[in-house]
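There are 2 protein chains.
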Amino acid sequence: MTRFIYSDSGDTAQSRLKTRNAMGEDVYEVLLSQIISLKIAPQERISVDSLARELGVSQTPIRAALIRLEAEGLVVKKHNVGYSAAPTLSARDFEEIYEMRMLLEPAAAEIATRNMNDTVAQRLQQAHDRMCELESEQTKRSYSKFARFDAEFHAIIAEASGNSLIVDTLGRLLTHTHLFRSRRHSAVTREAVSEHSTLLNAMLRGDAAGAKWAMAEHINHSRERIVPFTEAGL
Amino acid sequence: MTRFIYSDSGDTAQSRLKTRNAMGEDVYEVLLSQIISLKIAPQERISVDSLARELGVSQTPIRAALIRLEAEGLVVKKHNVGYSAAPTLSARDFEEIYEMRMLLEPAAAEIATRNMNDTVAQRLQQAHDRMCELESEQTKRSYSKFARFDAEFHAIIAEASGNSLIVDTLGRLLTHTHLFRSRRHSAVTREAVSEHSTLLNAMLRGDAAGAKWAMAEHINHSRERIVPFTEAGL
DNA sequence: ATTTCATATTTCCGATCGGATCCTGTATAA
DNA sequence: TTATACAGGATCCGATCGGAAATATGAAAT
């Protein structure tokens with residue numbers, strides 16, 4: 002079912018290629034991508050030994066990865082019962098995420114605008130352009146691609162604010178946001194791209210207050226685009 | 002050296018008392034308290050097997066606890082080398098923490114004031130009173146007590162904002178803040194208590210804007226109280 | 001005395017084993 | 001038919017073992 006990252010039957014599979022560096026690290030990466038791509042559905046059980054069999058490793062690195070993922074809120078553990086992917090965000094969780102984004106991101110955009118330089122401007126423009134392309138060739142699939150670029154766009158702004166704490170915190174929030182969205186794949190990406198454009202323009206012309214306002218508007222609209230879906234399932 | 006939480010020699014120590022629920026959980030708690038109380042100094046090595054011997058448990062729960070602590074930024078791991086307590090915050094880290102607190106806490110105070118009810122008011126008053134007492138009996142020790150109450154005071158406000166994300170994020174920030182402070186034990190607690198008083202008054206009379214402002218002032222002053230120390234050590 | 005190389009120790013990390021707990025399903029009785 | 005109890009299976013969790021990597025130790029040579 003899932004991909005094999007290590008030979009499951011080879012005798013000296015791992016002794017061959019350059020002595021692996023971090024085994025549990027790879028397991029973590031695989032699990033993370035499986036969760037954010039929804040190959041593992043929310044609330045789906047994640048059995049340690051079956052995963053160990055599938056990936057061809059022992060239970061130890063699996064546990065390590067699951068503990069990390071639990072600390073990040075992507076899986077939940079019930080003692081002596083098992084692990085499972087975190088449940089879909091409730092409407093309440095959702096409000097909390099947007100409330101917090103509203104506190105962090107406009108300020109980050111404001112600061113980033115004041116710190117603006119050519120490198121950052123170029124990276125922002127590039128991320129924005131790729132989303133525009135994605136928008137124009139518009140097949141119905143590839144919300145996941147859009148999500149990746151959107152996350153990158155917001156991450157660049159957070160980084161440009163110069164505060165690594167904001168980068169980390171926002172990274173977590175965006176992961177959950179997109180996890181939520183891709184379940185309902187509300188493909189209203191056009192408006193998002195347009196709002197990004199407004200924001201980017203403000204930042205590029207050094208209008209910090211305008212960037213702050215544009216980011217706040219963007220987050221509010223983003224929230225309103227999803228609200229209709231928040232009560233639907235579950 | 003450290004305290005023993007499980008009998009290290011008893012034959013059926015754990016089968017006796019009500020079948021332990023979560024062993025790694027306890028190890029986590031012990032390690033956490035050792036780190037925030039600085040019994041384990043920043044950058045001090047934390048060996049898995051020596052800890053296992055000291056606590057009388059195997060390496061497995063130790064590893065689990067360390068992985069969790071690493072995810073929370075309280076310990077750092079070097080592959081195939083070992084774990085160690087996180088280094089003391091740099092002046093830069095410190096600025097980042099305060100920058101983020103300035104984004105979150107005034108807003109939290111504002112919202113909490115609008116949501117104010119008797120239970121919360123009582124808890125706030127109680128936490129505040131205990132800090133006043135601590136201030137008046139003023140022995141030079143017990144910054145750690147002050148830190149605990151201060152964290153509680155701010156945590157109550159965060160909880161009252163109704164946003165659990167803010168609660169969690171702020172909890173982490175406060176841990177690091179106090180970790181930093183207790184190293185330099187700058188015992189300027191009197192001003193803090195006075196500022197808390199101003200903030201509490203605003204909240205209790207339902208002045209949301211005033212509470213927001215008071216919190217912002219409090220954080221700014223708190224930061225300024227520590228800034229002189231940020232360049233000193235290391 | 002300093003440098004270099006080889007050895008030994010420390011430590012992590014993955015593998016595996018056994019026990020304890022919880023969940024599920026079936027059978028029996030009311 | 002429904003509810004309860006018991007048995008079986010699945011799973012986590014802690015313990016222990018062995019190997020690999022990195023660091024520390026010490027000896028030898030220049």
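Heads up: the sequence lines are chains A and B, in that order. Okay, so the first sequence: first residue is 2 according to the working numbering, each after it adds one. Okay, so the second sequence: first residue is 2 according to the working numbering, each after it adds one. For each residue, glycine too, the CB sits at the ideal point set by N, CA and C.
Per DSSP, which residues does residue i bridge with? Please list them.
i	result
Ile-47 of chain A	A:Tyr-84
Lys-78 of chain B	B:Tyr-84
Should residue i go down as buried or exposed, given a rule of 16 or more other Cβ atoms within 10 Å for buried?
i	result
Val-228 of chain B	exposed
His-155 of chain A	buried
Arg-93 of chain B	exposed
His-177 of chain A	buried
His-197 of chain B	buried
Val-28 of chain A	buried
Thr-120 of chain B	exposed
Asn-116 of chain A	exposed
Gly-74 of chain B	exposed
Gly-25 of chain A	buried
Arg-69 of chain A	buried
Glu-100 of chain B	buried
Can you list, in chain order, the residues of its chain whose CB lies under 7 Å from that of residue i, leaving out five sequence neighbours each side?
i	result
Arg-131 of chain A	Phe-150
Leu-200 of chain B	Ala-110, Ala-212, Ala-215, Met-216, His-219
Arg-102 of chain B	Leu-174, Ile-220
His-222 of chain A	Glu-192, Glu-196
Arg-46 of chain B	Gly-83, Ser-85
Thr-1 of chain A	The question about residue 1 of chain A has no answer here: the residues shown for chain A are numbered 2 through 235.
Ile-63 of chain B	Val-28, Val-49, Leu-52, Ala-53
Compute the Euclidean distance between the alpha carbons of residue i and residue j, then round it to the nearest angstrom.
i	j	result
His-129 of chain B	Ala-203 of chain B	14 Å
Arg-224 of chain A	Phe-95 of chain A	9 Å
Ile-98 of chain A	Ala-87 of chain A	15 Å
Ser-195 of chain A	Glu-136 of chain A	10 Å
Thr-61 of chain A	Leu-205 of chain A	49 Å
Ala-166 of chain A	Asp-169 of chain B	Sequence inspection shows Leu at residue 166 of chain A; the Ala mentioned does not correspond to that position. Looking at the two C-alpha atoms, the distance is approximately 14 Å.
Ser-38 of chain B	Glu-153 of chain B	16 Å
Leu-105 of chain A	Ile-158 of chain A	11 Å
Leu-125 of chain B	Glu-71 of chain A	31 Å
Glu-160 of chain A	Ser-91 of chain B	18 Å
Ala-65 of chain A	Ala-65 of chain B	7 Å
Ala-23 of chain B	Ser-48 of chain B	22 Å
Phe-230 of chain A	His-179 of chain B	41 Å
Asn-164 of chain B	Glu-30 of chain A	29 Å
Asn-81 of chain B	Ser-59 of chain B	19 Å
Glu-138 of chain A	Asn-118 of chain B	53 Å
Cys-133 of chain B	Ala-210 of chain A	41 Å
Closer than 6 Å by C-beta to residue i: which residues in its own chain qualify, once you throw out the five before and the five after it? Chain order, please.
i	result
Ser-162 of chain A	Ala-109, Ile-112, Ala-113
Leu-18 of chain B	Because Leu-18 of chain B sits at a pLDDT of 32, beneath the cut-off of 50, its placement in the model cannot be relied upon, and the following sentence gives the value as read from the coordinates. So no residue of the chain qualifies.
Ile-41 of chain A	Gln-35, Ala-86
Gln-127 of chain A	none
Pro-43 of chain A	Ala-86, Pro-88, Thr-89
Asp-208 of chain B	none
For residue i, which residues in the same chain have their Cβ closer than 8 Å to its Cβ, ignoring the five residues on either side in sequence?
i	result
Lys-146 of chain A	Leu-135
Leu-171 of chain B	Arg-102, Leu-105, Glu-106, Ala-109, His-155, Ala-156, Ala-159
Leu-67 of chain A	Leu-32, Ile-47, Val-49, Val-76, Lys-78, Tyr-84
Met-122 of chain A	The displayed chain sequence assigns Ala, not Met, to residue 122 of chain A. Excluding residues within five positions, the ones whose Cβ falls inside 8 Å are Met-204, Leu-205.
task = Enumerate, from N- to C-terminal direction, the unbroken alpha helix (DSSP H) stretches of 4 or more residues contained entirely within the stretch 94–180 of chain B.
result = 119–138, 144–161
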